[in-house]
Amino acid sequence: MKSDFLSCKSISLTVNNIPILKNIDYSIERGAFHLLIGENGSGKSSFINVLNGVYNKAQYTGKISFEGNPLSFNSPQEALKEGIYTLHQDTTLFENLTIAENLFTATPGIINRKGFSNLKAKIKGANKFFEEHNMGIDSSKKISQINLAQKRIIELLRLYLFEPKLLILDEPMSAINDNFTEEFFALLSYFKNRGTTILCSTHYYQEMLPFVDYVATLRNGRMISTLCKSDFLKTDVSKLMWGEFWNKRYPKIHVEKGKEVLCVEHLHNRTMLTDVSFTLHKREILGITGAVGAGKSMLAKSIFGLEQIVDGNIYIDRLKASINSPQNAIDLGLAYVTDERKEYGMFMDQDALENVFSLGKNSYRRMLHNTKFEQQQFKKYAERININIRPDTHPINMSGGEQQKLLLMRWIMSTAKIFIFDEPTQNIDIPSKIDIYNLFNDLIMKNASIIVCSSNLEELAGTCDRVLLLDGGVIAKEFTYQELDKLSDIYAIKES
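Here it is in structure tokens:
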């Protein structure tokens with residue numbers, strides 16, 4: 001690596017008496033694209049927040065230098081003045097202003113280092129970008145009138161106009177949906193061609209590899225390695241990200257698969273899915289993964305009747321099924337569990353008991369309504385999935401893990417035999433994750449079948465019997481159980 005543009009020595013951070021970063025040494029080369037990878041909870045966002053001033057010097061130990069000078073920010077505003085800009089996971093746009101006003105409004109506390117001269121030319125350039133990429137964005141619209149993916153594009157375009165010395169991207173693809181990946185990568189190319197120094201943090205890195213010069217790996221708050229791209233491509237990434245004995249952390253049981261219970265043939269919808277075919281067997285856990293924008297969630301929703309299918313067939317127990325709505329899917333024995341709890345099934349104004357027994361197909365709802373009986377069943381199943389809440393607790397007073405397990409409780413009390421999990425452990429704590437993995441085993445032992453759509457490769461490798469790679473609207477590759485330890489090398493398929 002050439003001379004250091006930014007250098008970190010012995011960086012450690014403790015929050016609420018919990019060590020988050022542990023003695024990190026790290027350097028960034030001027031003009032290079034640096035990728036910072038690691039699973040959720042590895043310390044990536046915390047490390048970024050040390051660099052951009054969210055954590056001030058009193059909160060961490062160690063030394064940082066930037067362009068040869070000691071760096072010691074007391075606030076994010078000080079970092080901005082030095083030309084260090086961050087694209088955060090949460091939007092920072094002004095909702096009541098137009099797109100054009102947001103593009104040329106300085107971040108509070110700083111002045112655009114290039115000033116606001118030639119404003120019309122810059123607006124014209126922004127509109128040209130929108131037109132070239134068929135984004136259909138009107139610069140006169142207010143930010144409140146566009147979707148989250150469009151907001152992310154506007155934020156990145158604004159940072160491009162500010163001409164940062166160091167651009168930091170924190171999980172940049174988290175808000176980019178299937179329709180805006182091309183625009184996002186076009187903007188990254190603009191930064192790259194200009195020679196901007198970039199540090200990009202992500203736990204799902206495949207889509208970034210065309211831009212990358214160096215890859216650093218964080219695991220449990222420690223910097224495991226920093227490699228140039230060519231060396232990284234030769235490395236066992238599963239060991240880098242997960243550790244030598246990663247597969248021992250999952251309570252996977254092995255049972256004999258049964259007959260085919262679900263068959264998807266040539267499924268096609270109006271957007272990303274063009275020709276998807278696969279099968280699922282009784283007592284099987286099937287994983288589905290792919291890059292951001294590949295359509296994993298869209299596939300799950302299509303099978304469950306939440307997205308319209310234009311062409312293709314679905315067979316359940318070898319009988320052709322017509323699934324035009326979630327109720328059709330429920331009647332056919334399908335269940336759908338997602339991390340989008342508020343949008344798909346969690347009633348925030350109802351208590352836990354009402355949420356659990358709100359499903360029309362619930363096996364106990366066929367009986368005469370009996371509050372005492374329901375409370376008994378609630379207690380029984382709460383113990384089964386290890387959720388310690390009262391029946392009168394409202395979801396707003398629960399953790400993310402408790403909310404997720406409450407939805408699971410509803411479905412395991414139903415007549416469902418095929419469970420579709422869409423990012424089942426995203427944004428929940430580790431003990432809750434283990435409880436959900438144990439529930440997978442419980443369902444399999446009761447002859448159920450499971451589909452897990454996830455971007456967490458370690459989770460898929462540790463829990464599934466097979467994993468399918470969704471790419472370009474089709475199933476591009478199947479990983480058998482014997483090949484799951486190579487799942488972290490999935491990016492090699494994208495490169496080939």
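In this note's numbering, the protein residues as written are 1 to 496. Glycine included, each C-beta is placed from N, C-alpha and C at the ideal position.
request  = With DSSP as the reference, please indicate the residues paired to Val467 in a beta bridge.
outcome  = In the sequence shown, residue 467 corresponds to position 467, counting from 1. Note: Val467 sits in a beta bridge opposite Gly287 and Phe479.
query = Which runs of the alpha helix (DSSP H) spanning at least 4 residues fall entirely within the region 131-181, listed in chain order?
reply = 148-162
Same chain, Cβ closer than 6 Å to Lys63, five either side skipped, listed in chain order = Indexing the sequence shown from 1 puts residue 63 at position 63. If we look at Lys63 and ignore the five residues flanking it on each side, its Cβ neighbours are Lys9.
request  = Go ahead and pull the three-state DSSP assignment for Leu306.
outcome  = In the sequence shown, residue 306 corresponds to position 306, counting from 1. Leu306: coil per DSSP, three-state reduction.
request  = Round the Cβ separation of Val467 and Leu484 to the nearest angstrom and send it over; I've been treating them as touching at under 8 Å.
outcome  = On the sequence shown, position 467 is the one that residue 467 refers to. On the sequence shown, position 484 is the one that residue 484 refers to. About 6 Å; that satisfies the 8 Å criterion.
inquiry  = Please tell me whether Tyr160 has its Cβ less than 8 Å away from any Cβ of chain B.
reply    = Among the protein chains of the structure shown there is no chain B, as only one such chain exists.
task = Provide the residue span of the beta strand (DSSP E) that contains Pro516, from first to last.
result = Since the first and last residues shown for the chain are 1 and 496, residue 516 lies out of range.
Phe47 versus Leu21 - alpha carbon distance = As a first step, residue 47 must be located in the sequence shown, where it is residue number 47. As a first step, residue 21 must be located in the sequence shown, where it is residue number 21. So the alpha carbons of these two residues sit roughly 7 Å apart.
query = Leu93 by DSSP, collapsed to three states: which one?
reply = Residue 93 sits at position 93 when you count from the first residue of the sequence shown. Three-state DSSP puts Leu93 in coil, outside helix and strand.
Pro251 (DSSP reduced to helix, strand or coil) = As a working mapping, residue 251 is identified with position 251 in the sequence shown. The answer is coil: DSSP assigns Pro251 none of H, G, I, E or B.
ask   = Counting pairs of Cβ atoms below 8 Å between the region 143-159 and the region 84-99, do you hit three or more?
value = yes
Neighbourhood of Asn324 by C-beta distance below 7 Å, restricted to the same chain and skipping five residues each side = Locating residue 324 in the sequence shown gives position 324, where the first residue counts as 1. Excluding positions up to five away in sequence, the list reads Gly305.
key: CA-to-CA distance, Cys453 to Glu354, given in whole angstroms   = Taking the sequence shown and counting its residues from 1, one reaches residue 354 at position 354. Taking the sequence shown and counting its residues from 1, one reaches residue 453 at position 453. When rounded, the distance between both Cα atoms is 28 Å.
Three-state secondary structure (DSSP) of Met272 = Locating residue 272 in the sequence shown gives position 272, counting from the first residue. DSSP places Met272 in coil when its eight states are reduced to three.
ask   = What whole-angstrom Cβ distance do Tyr250 and Tyr60 have, given they're in contact under 8 Å?
value = Within the sequence shown, the letter at position 250 stands for residue 250. Within the sequence shown, the letter at position 60 stands for residue 60. Between Tyr60 and Tyr250 the Cβ distance is about 33 Å, and since that is not below 8 Å, they are no contact.
Where the beta strand (DSSP E) containing Pro19 begins and where it ends = On the sequence shown, position 19 is the one that residue 19 refers to. Note, Pro19: beta strand (DSSP E), Ile18 to Glu29.
ask   = To which residues of the same chain is Tyr55 closer than 6 Å at the C-beta, ignoring the five residues directly before and after it?
value = Taking the sequence shown and counting its residues from 1, the one referred to as residue 55 is at position 55. These residues qualify, in order along the chain: Asn49.
Selected residue, minimal CA-CA separation from Asp138, among Asn147, Asn127 and Arg158 = Position 138 of the sequence shown, counting from 1, holds the residue named residue 138. The candidate whose alpha carbon is nearest that of Asp138 is Asn127.
task = Taking only the alpha-carbon atoms, compute the straight-line gap between Gln327 and Ser230 and give it to the nearest angstrom.
result = For the purposes of this step, residue 327 is taken as the residue at position 327 of the sequence shown. For the purposes of this step, residue 230 is taken as the residue at position 230 of the sequence shown. Going by the C-alpha atoms only, they are around 50 Å apart.
inquiry  = Between Leu469 and the ligand NAD, is there a pair consisting of the residue's CB and a ligand heavy atom that are separated by less than 7 Å?
reply    = By its list of ligands, the structure shown contains no ligand whatsoever, and the ligand NAD lies outside what it can speak to.
key: Contained beta strand (DSSP E) runs [length at least 3] in the region 414-463, N- to C-terminal order   = Contiguous beta strand (DSSP E) elements confined to the region 414-463 occur at 418-422 and 449-453, taking only those with 3 or more residues.
ask   = Is it a yes or a no for the region 158-174 touching the region 76-85, going by three-plus beta-carbon pairs under 8 Å?
value = yes
key: As assigned by DSSP and simplified to three states, the class of Glu101   = To locate residue 101, count along the sequence shown from 1; it is residue 101. Glu101: helix per DSSP, three-state reduction.
task = May I have the straight-line CA-CA distance separating Gly68 from Met135, to the nearest angstrom?
result = Here residue 68 corresponds to residue number 68 of the sequence shown, with the count starting at 1. Here residue 135 corresponds to residue number 135 of the sequence shown, with the count starting at 1. If I take the Cα positions, the gap works out to 41 Å.
task = Would you kindly check if the distance between the Cβ of Leu407 and the Cβ of Met520 is under 8 Å?
result = With the chain represented from 1 up to 496, any question about residue 520 goes unanswered, as that position is not in the structure.
query = Where does Arg194 land, buried or exposed, given buried means 16+ other C-beta within 10 angstroms?
reply = For the purposes of this step, residue 194 is identified with residue 194 of the sequence shown, where counting begins at 1. By the beta-carbon neighbour count (other beta carbons within 10 angstroms, threshold 16), Arg194 is exposed.
task = Throw me the rounded Cβ distance for the His281 and Asp275 pair, which I believe falls under 8 Å.
result = Stepping through the sequence shown from its first residue, residue 281 is reached at position 281. Stepping through the sequence shown from its first residue, residue 275 is reached at position 275. The Cβ separation is near 22 Å, so there is no contact.
task = With a 10 Å radius around its C-beta and 16 neighbouring C-beta atoms as the bar for buried, classify Pro424 as buried or exposed.
result = Against the sequence shown, residue 424 aligns to sequence position 424. With 16 or more other Cβ atoms within 10 Å, it is buried.
task = Could you please give the first and the last residue of the uninterrupted beta strand (DSSP E) stretch that includes Ala352?
result = By one-based count along the sequence shown, residue 352 stands at place 352. Element bounds for Ala352: not the beta strand (DSSP E) but the alpha helix (DSSP H), Ala352 to Val356.
message = As a quick exercise: from Val310, Leu299, Ala291 and Lys252, pick the residue whose alpha carbon is nearest that of Arg283.
response = In the sequence shown, the residue the question calls residue 283 occupies position 283. Comparing Cα positions, the closest option is Lys252.
query = By how many angstroms is the C-alpha of Ile451 removed from the C-alpha of Leu319?
reply = Translated into the one-based positions of the sequence shown, residue 319 becomes position 319. Translated into the one-based positions of the sequence shown, residue 451 becomes position 451. Rounded to the nearest angstrom, the two C-alpha atoms are 19 Å apart.
ask   = How many whole angstroms separate the CB atoms of Asp168 and Ala149, which I take to be in contact at a CB cut-off of 8 Å?
value = Within the sequence shown, the letter at position 168 stands for residue 168. Within the sequence shown, the letter at position 149 stands for residue 149. Reading off the sequence shown, one finds Ile at residue 168, where the question assumed Asp. Going by Cβ atoms, the distance from Ile168 to Ala149 rounds to 20 Å, so no, they are not a contact pair.
Classification of Met445 by the beta-carbon crowding that lies within 10 angstroms, buried from 16 upward = Residue 445 sits at position 445 when you count from the first residue of the sequence shown. When all chains shown are included, Met445 counts as exposed.
ask   = Touch check for the region 28-46 and the region 207-222: three-plus C-beta pairs under 8 Å?
value = yes
task = Quick one: residues in its chain with C-beta nearer than 7 Å to the C-beta of Ala321, no 5 flanking neighbours on either side, listed in chain order?
result = To locate residue 321, count along the sequence shown from 1; it is residue 321. Only Ile314, Tyr315 and Leu332 meet the Cβ criterion.
query = If you check the beta carbons only, do Ile24 and Met223 fall under 8 Å apart?
reply = Here residue 24 refers to the residue found at position 24 when the sequence shown is read from its first residue. Here residue 223 refers to the residue found at position 223 when the sequence shown is read from its first residue. The beta carbons of Ile24 and Met223 sit closer together than 8 Å.
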